[in-house]
Each structure stands twice: as C-alpha cells, then as structure tokens.
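First residue of the sequence shown: 788, per the numbering used here; consecutive thereafter. Think of the CB as a built atom: it goes at the ideal place given N, C-alpha and C, for glycine as much as any other residue. Step one of this worksheet: look at the structure below.
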Amino acid sequence: MSTQSATGWKLKGTLVIACNCDYGCPCNFNALPTQGDCEGQWLWHVEDGSFGDVRLDGLSWTVTADWPGAIHEGGGRAVCFYDERADDAQREAIEALVRGDNGGPWGVFINTYELEDVRPAPFDLQLEQFATKVRIGDSVELELEPIKNPVTGAEVHPGAVLPEGLVCKEMSFGTSRTFRVDDGISYDHSGKYTAVAPFEYAAT
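Following this line, the structure appears as structure tokens:
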C-alpha cells in the first residue's frame, strides 16, 4: 500500500486480527459481518519501519474497535493501545498514524469510528503464527490456535489472497482460544475469527 502523506513513512511487519465473526470473516470479501456488527482488534507489530526520521522497529500498537454494523457503515468507537516502551518521538509518530492524517489503513478507518483514546500500555507478545499470544496490560488478552476439523480434530490451515486488501494482501486464518477486551470497549469473542498476515505500507 502506497499513499500520500504530509510526512514520509514506511512500515513492514506482522498483523494480528481478531473479531466476533465466524472463521474467515466475510468482511474480507466485502460481505456483511457474521453477527451484523463488528467488534474486533488489529495489532500491528513493526519489524522494520520509520515515520520521518523516527524509527519504529520493534514497537506495536492496536486499533481496538466496536461498530454497530458493518465497518463501512460507520458509527464506531475505538481506542488505540501502543507499546509503553515508545519514547516521546515514537509516541507522536504512532499517534499521527492512527489518527489517520497520514494515509495508510488508518486514513480509511478514521472515517468509520471516533478514536476515543490513544494510550500507552505494557505489551507482552509471542508472535508465532497460530501459537501467538498477546497480553496488553489488563485490557486485552488474545491467544490464537489453528482451526480444527470438527470430525477428525485435525488442524486445517486456510487462508486468502486479497490483491485489493486494505490492511494486507494475504492472510492465514485461525481461531481464538481466548479473545477478551475490557477497557472502555469490552467484549469476549473467544472461539471466533483470527488472522495473521505480513503487512507492508508506505507513504511519500
């Protein structure tokens, strides 16, 4: 993804998604969400990236959101948690991105929700595909696992290629052993949709 921005930036890393939809999430295919509404989280972990002259390598942040209907219908509310290890310059860079003024997927998302807060939190991440575990203070607990065949119990490993995708171009699908959020926005969607994906964005 390449967009125009007041400040040049580039990011590459791993994206972890979880929401209240059934496996695969119909929203990926321009269909309506399984339950009629969308409650979910996107977590970006930057492996190589910068915003202007500010390096963001090794940092993570989320958009944790709640929409009354499909995302594109708007009316949502969201909070952003970011890694408390970020220094002042990194914090300002992350906030500039998630507030949507510099393009990327956040420039689209910001038109669909009110971003109520951008706040630091301790991030405890174990990023290992569908052995991934995420804890963000006392606010978020997410643990992934593979989808299993309901008859044999064997693991299955579906995915999707999305050439026009907003947040990524390909993803692997799993499920959540645990997915709980409790901090301003609250829900428990354990046993629902998750995805892990590489991402790469840039703006000039």
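Whose CA, out of E882, D888 and C825, lies closest to the CA of D904?
Here the question's residue 904 lines up with position 117 in the sequence shown. Comparing Cα-Cα distances from D904 to each of E882, D888 and C825, the minimum goes to E882.
Would you mind working out which of A873, D975, A989 and A941 sits nearest Q828, comparing C-alpha positions?
The residue you call residue 828 lines up with position 41 of the sequence shown. The shortest Cα separation from Q828 among A873, D975, A989 and A941 belongs to D975.
Would you mind reading off the limits of the alpha helix (DSSP H) that contains P855?
The sequence position of residue 855 within the sequence shown is 68, counting from 1. Here P855 belongs to no alpha helix (DSSP H), and DSSP marks it neither H nor E.
Are the beta-carbon atoms belonging to E826 and C806 less than 8 Å from one another?
Taking the first residue of the sequence shown as position 1, residue 826 is located at position 39. Taking the first residue of the sequence shown as position 1, residue 806 is located at position 19. Going by C-beta atoms, E826 is nearer than 8 Å to C806.
Once DSSP output is grouped into helix, strand and coil, what is the label at G891?
Position 104 of the sequence shown, counted from the first residue, corresponds to residue 891. In the structure shown, G891 sits in a helix (DSSP, three-state: H, G or I).
Can you tell me whether D911 is buried or exposed, with buried defined as 16 or more other CB within 10 angstroms of its CB?
Translated into the one-based positions of the sequence shown, residue 911 becomes position 124. Counting the other Cβ atoms within 10 Å of the Cβ of D911 gives fewer than 16, which makes it exposed.
Hey, out of V948, L902 and V921, whose CA is closest to W831's CA?
For the purposes of this step, residue 831 is identified with residue 44 of the sequence shown, where counting begins at 1. Taking only the C-alpha atoms, the option nearest W831 is V921.
According to DSSP, is P907 helix, strand or coil?
Sequence index remark: in the sequence shown, residue 907 carries index 120 (1-based). Looking at P907 - three-state DSSP - the assignment turns out to be strand.
Using DSSP with H/G/I as helix, E/B as strand and the rest coil, what is A918?
Translated into positions along the sequence shown, residue 918 becomes position 131. Assignment of A918 by DSSP, reduced to helix, strand and coil, places it in the helix class.
Quick check: the Cα distance between T899 and I858, rounded to an integer number of angstroms?
As a first step, residue 899 must be located in the sequence shown, where it is residue number 112. As a first step, residue 858 must be located in the sequence shown, where it is residue number 71. Computed Cα separation, rounded: 6 Å.
Can you tell me whether E928 is buried or exposed? The criterion is at least 16 other CB atoms within 10 Å of its CB, across all chains shown.
Against the sequence shown, residue 928 aligns to sequence position 141. E928 should be labelled buried.
Would you kindly report the start and end of the unbroken beta strand (DSSP E) that includes E932?
Residue mapping note: residue 932 aligns to position 145 of the sequence shown, counting from 1. Start and end: V927 to E932.
Between the alpha carbons of T794 and L884, how many angstroms are there, rounded?
Working through the sequence shown from its first residue, we reach residue 794 at position 7. Working through the sequence shown from its first residue, we reach residue 884 at position 97. Cα to Cα, T794 sits roughly 10 Å from L884.
Taking the C-alpha atoms as reference points, what is the distance between G946 and R878?
Reading the sequence shown from its first residue, position 159 is the one you call residue 946. Reading the sequence shown from its first residue, position 91 is the one you call residue 878. Looking at the two C-alpha atoms, the distance is approximately 33 Å.
Local Cβ density within 10 Å of D853, reported as buried at 16 or more and exposed below that:
Against the sequence shown, residue 853 aligns to sequence position 66. With 16 or more Cβ atoms within 10 Å of its Cβ, D853 is classed as buried.
Since I934 and G961 are thought to touch, with beta carbons under 8 Å apart, how far apart are those beta carbons, to the nearest angstrom?
Residue 934 sits at position 147 when you count from the first residue of the sequence shown. Residue 961 sits at position 174 when you count from the first residue of the sequence shown. Confirmed, Cβ separation roughly 6 Å.
Apart from the five residues on each side of it in sequence, which residues of its chain come closer than 8 Å, Cβ to Cβ, to A865?
Working through the sequence shown from its first residue, we reach residue 865 at position 78. V850, T851, A852, D853, F896, Y900, E901, L902, E903 and I972.
Given this structure, state the Cα-to-Cα distance separating A876 from V983, to the nearest angstrom.
Taking the first residue of the sequence shown as 1, we reach residue 876 at position 89. Taking the first residue of the sequence shown as 1, we reach residue 983 at position 196. Between A876 and V983, the C-alpha separation is close to 28 Å.
Confirm, please, whether the CB-CB distance from V954 to P892 is below 8 Å.
The count along the sequence shown starts at 1 and reaches residue 892 at position 105. The count along the sequence shown starts at 1 and reaches residue 954 at position 167. Cβ atoms of P892 and V954: closer than 8 Å.
Assuming Y980 and Y810 form a contact by the criterion Cβ under 8 Å, report the distance between their Cβ atoms to the nearest whole angstrom.
Reading the sequence shown from its first residue, position 193 is the one you call residue 980. Reading the sequence shown from its first residue, position 23 is the one you call residue 810. Right, the Cβ-Cβ distance comes to about 6 Å (below 8 Å), so this counts as a contact.
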